[in-house]
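J.: In my numbering, the protein residues as written are 7 to 158.
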Amino acid sequence: MLFWEDFHEGHVAVSGRYVVGREEIVAFARKYDPNPLHLDDAAAGASAVGGLCASGWHICAIAMRLLVDGVLANADCLGSPGVDEARFLAPVRPGTVLSLRRHILETRSSKSRPDMGIVKMRLELLDAGNRPVCELTGAFMLGRRNPGFRPA
Numbered sequence: 007m008l009f010w011e012d013f014h015e016g017h018v019a020v021s022g023r024y025v026v027g028r029e030e031i032v033a034f035a036r037k038y039d040p041n042p043l044h045l046d047d048a049a050a051g052a053s054a055v056g057g058l059c060a061s062g063w064h065i066c067a068i069a070m071r072l073l074v075d076g077v078l079a080n081a082d083c084l085g086s087p088g089v090d091e092a093r094f095l096a097p098v099r100p101g102t103v104l105s106l107r108r109h110i111l112e113t114r115s116s117k118s119r120p121d122m123g124i125v126k127m128r129l130e131l132l133d134a135g136n137r138p139v140c141e142l143t144g145a146f147m148l149g150r151r152n153p154g155f156r157p158a
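(1) Just checking Val98 against the ligand PLP - is the residue's beta carbon closer than 7 Å to any of the ligand's heavy atoms?
(2) Less than 8 Å between the beta carbons of Leu106 and Leu131, yes or no?
(3) My assumption, with CB atoms under 8 Å, is that Ala35 sits in contact with Asn41. Please give the rounded CB distance.
(4) Using the Cα positions of Leu78 and Gly85, report the straight-line distance between them to the nearest angstrom.
(5) Among Arg150, Ala33, Pro120 and Asp133, which residue has its Cα nearest to the Cα of Ala96?
(6) Expressed to the nearest angstrom, what Euclidean distance is found between the alpha-carbon atoms of Asp121 and Tyr24?
(7) Phe13 to Cys66, Cα distance in whole Å?
(8) How would you write the range of the beta strand (DSSP E) that Arg28 sits in, first residue to last?
(9) Using 8 Å for Cβ pairs, my map puts Pro87 next to Met147. What's the rounded Cβ distance?
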């Protein structure tokens with residue numbers, strides 16, 4: 007089990023492998039983001055992106071999946087106060103193979119809760135050529151291994 011103390015500023019790690027399928031792109035779009043870029047080959051081909059691509063929200067969900075599989079499933083994660091920034095850098099097409107690179111930007115103790123700390127990360131979804139297709143910056147709350155005194 008990983009705790010707040012196990013995360014260190016400057017640490018970078020890459021994990022996971024996820025192949026984005028065409029059917030998955032279309033199914034996600036039908037349910038959550040029915041933009042023609044994500045649903046229809048002809049409409050997507052005539053657009054500025056030049057072909058069918060995954061929704062940015064779909065890409066964020068894939069990043070979360072890879073983050074959980076790569077680290078959070080084995081951590082005392084207490085949730086997240088939110089995402090500060092999401093940037094979509096390149097279209098993600100059917101068949102794209104993605105991995106996740108995570109950068110620990112900052113760690114700090116919680117001022118109000120001695121039993122947890124905050125870890126700020128930049129997440130990059132990388133294609134098979136190690137080019138970022140998406141960047142997310144946000145924080146995660148993690149339990150502390152040694153929380154010290156807890157006021158009553």
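All C-beta atoms in this analysis are idealised placements derived from N, C-alpha and C, irrespective of residue type, glycine included. Since we're looking at a predicted model, the values are computed, not measured.
T.: Put simply:
(1) As presented, the structure is devoid of all ligands, the ligand PLP included, so that no description of it is given.
(2) In contact: Leu106 and Leu131 (Cβ atoms closer than 8 Å).
(3) Confirmed, about 7 Å.
(4) Rounded to whole angstroms, Leu78 to Gly85 spans 10 Å at the Cα level.
(5) Closest by alpha carbon: Asp133.
(6) Across the structure, Asp121 and Tyr24 are spaced so that their CA atoms are roughly 34 Å apart.
(7) In a straight line, the C-alpha of Phe13 is about 22 Å away from that of Cys66.
(8) First-last for Arg28: Arg28 to Tyr38, but that is the alpha helix (DSSP H), not the beta strand (DSSP E).
(9) The C-beta distance from Pro87 to Met147 rounds to 7 Å, short enough to meet the 8 Å contact threshold.
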